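Down below is the structure, laid out as structure tokens.
Numbering (the numbering used here), first residue to last: -4 to 457.
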């Protein structure tokens, strides 16, 4: 039987047939070539050369066909832009997604020389820092102005011969300063002789758009040595479209806040999920969820996961090192101050100093001698009459023997204390006559103040 259709009926039939063919085949982002992805609503939208996909769970997709005039869908979504803006992966071309249409916005061309650049939006201006391609390294900051629909030069920095495989950066909307990593300065007199090398730069620089100040801010070597000693294995990756720049591999996830000079090691991060879904495609700040993928080009599987689950809730704060810190200068500056402090003495009361050396006195003095000292100390600031101290000795001793023994004990205690506190030929006891009976001697500790080194430690009781 031959089916004959005319006019509008034929159009309806062809649309239904096209829909049936599309539905009979598995259509997923990644199976139809390169795509661009960006957050939309509470989910994510993918666009490739034939279809536009939307998902909120990473498993079910709303699929539509389109006819956008885009020759390369390897586009980079620009964070902080008022519209959904994109730049071609090697720089140059600018696109916008407005009212369901992906449109070209520039009058430039595909540079193919700014791969691995750091890109962001500063107000209505798109900024691109660094990058490499076409056998050269871009040592500059450029910006795209929608008025001219062209890219202009903002700043040139010291040329280097090393590419940046991990373009890490941070920009806070409304700020005049941006942070980004660059290779170590390896200047050359003849730029034409530069050989492009590959690396994972750990130096963090800043550029101030208001003052045009360019400076080296931080050094991530300590972080790299601790968490990513070999960035090639396991492979180090980065994601700049989160609220903070993010570095991760199969074992660790770290975020950075260069405005505070801090790094955050996410101790309870779900690294097992990252082993299965090793690539982060996007982040939706409205739903606080990441979009992950594995086998993107062959058998793509997507996962949308809450940031609290992926990053965890426990983290360690690490203070980032400042660059080029010279410990020799620290010694030159602070060593004289240290010695001055070491030689400095502090003023304390004699009684307090005796209390500080009491553990040593316990070890040095006999039990009987220390008992005498304790009685004198307990009565301070009052004095103790000699007869009261004599009663601490054995009862079988004669009066004369106890007098003599007490005299020797007081002398021994006095000399021992003087030796311990460095108070030579200056007795610590004040011996006077009794108020009621002038024949009775009264002994007490002096109210003197002494000087000793501030760093002297209190002895510990053994």
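We put the beta carbon where it would ideally sit given N, CA and C, even for glycine. Only a predicted model underlies this, so the values are computations on that prediction, with no experimental measurement involved.
So what does DSSP say about residue 249, is it helix, strand or coil?
In this structure, residue 249 counts as strand in the three-state DSSP scheme.
Roughly how many whole angstroms lie between the Cα atoms of residue 260 and residue 129?
In a straight line, the C-alpha of residue 260 is about 36 Å away from that of residue 129.
Can you check DSSP and say which residues form a bridge with residue 131?
According to DSSP, which records beta bridges pairwise, residue 131 is partnered with 128.
Would you tell me roughly how many angstroms separate the C-alpha atoms of residue 93 and residue 301, rounded to the nearest one?
Using only the alpha carbons, I get a separation of about 27 Å.
Below 8 Å on the Cβ atoms is my contact criterion, and I expect residue 458 with residue 375 to pass it. Report the Cβ-Cβ distance as a whole number of Å.
Absent from the model: residue 458. The displayed extent of the chain is -4 to 457, so no value can be given.
Exposed or buried, residue 133, counting other C-beta atoms within 10 Å across all chains shown (16 or more means buried)?
With 16 or more other Cβ atoms within 10 Å, it is buried.
Pick helix, strand or coil for residue 438, following the three-state DSSP scheme.
In the structure shown, residue 438 sits in a strand (DSSP, three-state: E or B).
Below 8 Å CB to CB, which residues in the same chain sit around residue 188 once its five sequence neighbours on both sides are set aside?
The pLDDT assigned to residue 188 is 42, lower than 50, so where the model puts this residue is not dependable; a value taken from the coordinates is nonetheless given after this. Contacts found: none.
Could you give the C-beta distance for residue 123 and residue 108, rounded to a whole number, given that I count them as a contact under 8 Å?
In fact, because the Cβ distance is near 11 Å, the residues do not count as touching under 8 Å.
Taking only the alpha-carbon atoms, compute the straight-line gap between residue 100 and residue 222 and give it to the nearest angstrom.
Rounded to the nearest angstrom, the two C-alpha atoms are 41 Å apart.
Buried or exposed, going by whether 16 or more other CB atoms sit within 10 Å of the CB of residue 426?
With fewer than 16 Cβ atoms within 10 Å of its Cβ, residue 426 is classed as exposed.
Using 8 Å as the threshold, is the stretch 38 to 55 in touch with the stretch 203 to 216, meaning 3 or more CB pairs across them?
In short, these stretches do not touch, since the Cβ pair count stays below three.
Go ahead and pull the three-state DSSP assignment for residue 203.
Strand, per DSSP.
Specify, as a first and last residue, the run of the beta strand (DSSP E) that residue 210 falls within.
Taken as a continuous stretch (DSSP letters only), the beta strand (DSSP E) holding residue 210 covers 209 to 214.
May I ask you to report which of helix, strand or coil DSSP gives residue 303?
Residue 303 falls in the helix class under three-state DSSP.
Looking only at C-alpha atoms, which of 235, 378, 384 and 404 sits nearest to residue 430?
When each option's Cα is compared against that of residue 430, the closest is 378.
Run through DSSP, which three-state label would residue 177 get?
Residue 177 falls in the strand class under three-state DSSP.
When the Cα of residue 348 is compared with those of 22, 416 and 170, which residue comes out closest?
Ranking the options by Cα distance to residue 348, first place goes to 416.
Give every residue of the same chain whose Cβ lies closer than 6 Å to the Cβ of residue 242, excluding the five residues on either side of it in the sequence, and list them in chain order.
Here the set comprises 233 and 249.
Quick check on the burial criterion: 16 or more other C-beta atoms within 10 angstroms. Buried or exposed for residue 436?
Classification of residue 436: buried, given that the 10 Å Cβ count is 16 or more.
Mind checking who residue 234 pairs with in its DSSP beta bridge?
241, per the DSSP bridge assignment.
What did DSSP end up calling residue 153 once you bin it into helix, strand or coil?
Correct three-state label for residue 153: coil.
Which residues does DSSP pair with residue 117 in a beta bridge?
BP columns for residue 117 point to 120.
Is residue 293 closer than 8 Å to residue 274 when the C-beta atoms are compared?
Cβ atoms of residue 274 and residue 293: not closer than 8 Å.
Relative to the C-alpha of residue 165, which residue among 115, 140, 144 and 138 is closest?
Of the listed residues, the one whose Cα sits closest to residue 165 is 115.
Just curious, the alpha helix (DSSP H) that residue 402 is in, first and last residue?
Per DSSP, residue 402 belongs to the alpha helix (DSSP H) from 394 to 416.
Per DSSP, residue 34 is paired with what?
The partner list for residue 34 (beta bridge, DSSP) reads 39.
Alpha carbon to alpha carbon, how far is residue 226 from residue 138?
Going from the Cα of residue 226 to the Cα of residue 138 covers about 30 Å.
Rounded to the nearest angstrom, what separates residue 18 and residue 52 at their Cα positions?
Here residue 18 scores only 45 on pLDDT, less than 50, and its place in the model is too uncertain to base an answer on.
If you reduce the DSSP assignment to three classes, tell me which class residue 160 lands in.
Coil at residue 160, not helix or strand.
Would you mind working out which of 284, 244 and 406 sits nearest residue 368, comparing C-alpha positions?
Checked all of 284, 244 and 406; the closest Cα to residue 368 is 406.
Closer than 8 Å is the cut-off here; do at least three beta carbon pairs connect the stretch 30 to 40 with the stretch 275 to 284?
In short, these stretches touch, since the Cβ pair count reaches three.
Verify whether the separation of the beta carbon atoms of residue 384 and residue 370 is less than 8 Å.
Against a cut-off of 8 Å, the Cβ pair of residue 370 and residue 384 comes out as a contact.
If you draw a straight line from the C-alpha of residue 191 to the C-alpha of residue 177, how long is it?
Only weak support is given to the placement of residue 191: the predicted model assigns it a pLDDT of 45, under 50, and the value that follows is read from those uncertain coordinates. Going from the Cα of residue 191 to the Cα of residue 177 covers about 14 Å.
Kindly indicate which residue of 218, 213, 244 and 238 has the alpha-carbon position closest to the one of residue 228.
Of 218, 213, 244 and 238, the residue nearest in Cα terms is 244.
So the candidates are 412, 313 and 95; which of them puts its Cα closest to the Cα of residue 262?
Of the listed residues, the one whose Cα sits closest to residue 262 is 313.
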